[in-house]
Amino acid sequence: MAYLDNFHLIVGETIMECQRIEHDIKLIYAGMLKGDFNENLDIVKDKALGPVLVELEKLDNSDGKPYLKQGDYKLLKEIKDVRNWLVHKAYMDFMYDKDTNWERNLNRSYSKLLDFNKRMKTLGNQVENVRFDILKHFGRI
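The numbering used here applies: residue 10 is where the sequence shown begins, and numbers increase by one.
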């Protein structure tokens with residue numbers, strides 16, 4: 010049962026990282042937009058991540074000197090898939106299995122979860138650094 014408890018803990022931690030990344034992206038976008046930062050943030054904070062990423066990528070590349078690379082945007086777009094797996098599938102991959110299948114499938118889901126968790130932590134730290142750089146550059150902090 011301790012193994013399952015750890016699974017629960019890492020699911021929560023990974024969702025937290027996804028939320029942190031999503032909010033940092035919205036802060037970055039609001040900071041790059043012309044006008045009042047807080048008004049910009051009010052406009053974008055409730056928007057879905059996908060459309061914000063599309064607009065941010067256009068704005069970021071508009072001067073030919075993007076802060077984020079194409080590979081970064083690709084990885085950022087994967088957050089939606091990670092979050093959807095966490096919310097809709099992570100537990101379903103083992104929850105209804107019996108006996109040995111349950112443990113084997115829990116192990117498989119746990120390995121996938123650990124990989125996602127590591128990737129999201131790394132990406133979260135990178136996005137946070139970019140957020141600081143951009144907000145400083147645009148005089149927001």
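By construction, the Cβ of each residue, glycine as well, lies at the ideal position given by its N, Cα and C atoms.
{"query": "Which residue from Ser120, Asn93, Leu144 and Ile37 puts its Cα closest to that of Leu62?", "result": "Ile37"}
{"query": "Given a cut-off of 7 Å on the beta-carbon distance, is the pair Leu122 and Ile52 in contact?", "result": "no"}
{"query": "Using DSSP with H/G/I as helix, E/B as strand and the rest coil, what is Ala57?", "result": "coil"}
{"query": "Less than 7 Å between the C-beta atoms of Leu95 and Ile34, yes or no?", "result": "no"}
{"query": "Is it true that the CB of Leu132 sits closer than 7 Å to the CB of Leu84?", "result": "yes"}
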